[in-house]
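Presented below is the structure to which this report refers.
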Amino acid sequence: MMKRLLISALILTSLLFSTLATNPIKVACVGNSVTYGAGIAERERMSYPAQLQQMLGDDYQVENFGHSGATLLKKGHNPYWNLKELEEAVAFDPEIVIIHLGLNDTDPRNWPRYRDDFTADYKALIDTFKTKGAEVWICRLTPIFHPHPRFKSGTRDWFWQIQKEIERVAETNNVGLIDLHT
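Residue 1 is where the sequence shown starts when you use my numbering, and the numbers rise one by one after that.
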């Protein structure tokens with residue numbers, strides 16, 4: 001799964017920037033624990049942003065702005081909007097932004113109450129970077145692994161609802177969609 005994301009991101013960045021720049025092209029990886037690399041041994045070297053940096057080489061500067069448990073929803077239980085990582089990602093002034101958020105929005109504290117805000121909140125996050133000139137790509141959600149308590153609850157249905165919303169967000173906001181399921 002991570003390999004597909006890395007390959008997709010590599011292809012995307014190669015297509016976007018075919019010429020070498022004198023300064024490295026800045027890539028901000030915004031997201032939750034998947035981006036952060038929670039639970040991965042040597043996450044500084046093995047998280048997907050770190051591996052993307054290794055694949056892209058010195059012409060790129062990839063930074064990890066992931067935060068475990070972050071939600072996309074502004075009214076969620078741990079909104080990315082309220083975290084220092086968002087402020088740092090914006091200050092980084094990236095040319096490319098890869099966003100992987102939404103998985104923690106499947107929490108029963110979030111999706112049933114605030115699902116109607118998801119699209120507007122995602123658009124606002126995209127616009128936060130697009131207004132600064134960044135090319136934005138969003139990711140479909142990674143699967144919820146089988147032992148996770150949410151796998152056994154009704155939130156599996158919410159997971160698929162969020163997947164569909166992410167597809168709509170990509171289309172209506174004219175941003176790239178990285179599909180981790182193909």
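Don't be surprised by glycine CBs; every beta carbon is placed ideally from N, CA and C.
Item	Value
Alpha carbon to alpha carbon, how far is Leu101 from Asn23?	29 Å
How far does the alpha helix (DSSP H) with Ile99 in it extend, from its first residue to its last?	Counting along the chain, Ile99 falls outside any alpha helix (DSSP H), though it belongs to the beta strand (DSSP E) covering 96 to 100.
Identify the residues that DSSP records as bridge partners of Thr71: which are they?	Pro79
Quick one: using the 10 Å Cβ neighbour count with 16 as the cut-off for buried, is Arg140 buried or exposed?	buried
Relative to the C-alpha of Ile166, which candidate in Leu72, Leu56, Phe129 has its C-alpha closest?	Leu72
Between the alpha carbons of Ala38 and His77, how many angstroms are there, rounded?	18 Å
Suppose the cutoff is 7 Å on Cβ atoms and the five residues either side in sequence are ignored; what does the same chain contact list for Ser18 look like?	Only weak support exists for where Ser18 lies, its pLDDT of 47 falling under 50; the value from the coordinates is given anyway. No residues qualify anywhere along the chain.
Run through DSSP, which three-state label would Val90 get?	helix
Under 7 Å Cβ to Cβ from His67, same chain only, skipping five residues before and after it: list those, please.	Asn32, Tyr36, Tyr80, Leu83, Glu85
Name the DSSP beta bridge partners of Gly176, please?	Trp137
Quick check: does the Cβ of Glu44 come within less than 7 Å of any heavy atom belonging to the ligand ZN?	Although the ligand ZN was asked about, the structure shown includes no ligands whatsoever.
Contact defined as beta carbons within less than 8 Å: I believe Phe65 pairs with Val30. What is the distance between those atoms, to the nearest angstrom?	5 Å
Here's a check: name, in chain order, each residue in its chain whose Cβ is nearer than 8 Å to the Cβ of Arg113, leaving out the five neighbours to either side.	Lys75
Using 10 angstroms around the beta-carbon of Glu95, count the other beta-carbons present and answer buried if the total reaches 16, otherwise exposed.	buried
What does the alpha-carbon distance come out to for the pair Trp233 and Ile126?	The shown model of the chain, from 1 to 182, leaves out residue 233, and the question about it has no answer.
Compute the distance between the beta-carbons of Val175 and Val136, then report whether it is under 8 Å.	yes
CB Phe92 to CB Lys164, shorter than 8 Å?	no
If you draw a straight line from the alpha carbon of Gln61 to that of Ala50, how long is it in whole angstroms?	10 Å
Measure from the alpha carbon of Tyr122 to the alpha carbon of each residue in Ile99, Asn110, Thr131, then state which is nearest.	Ile99
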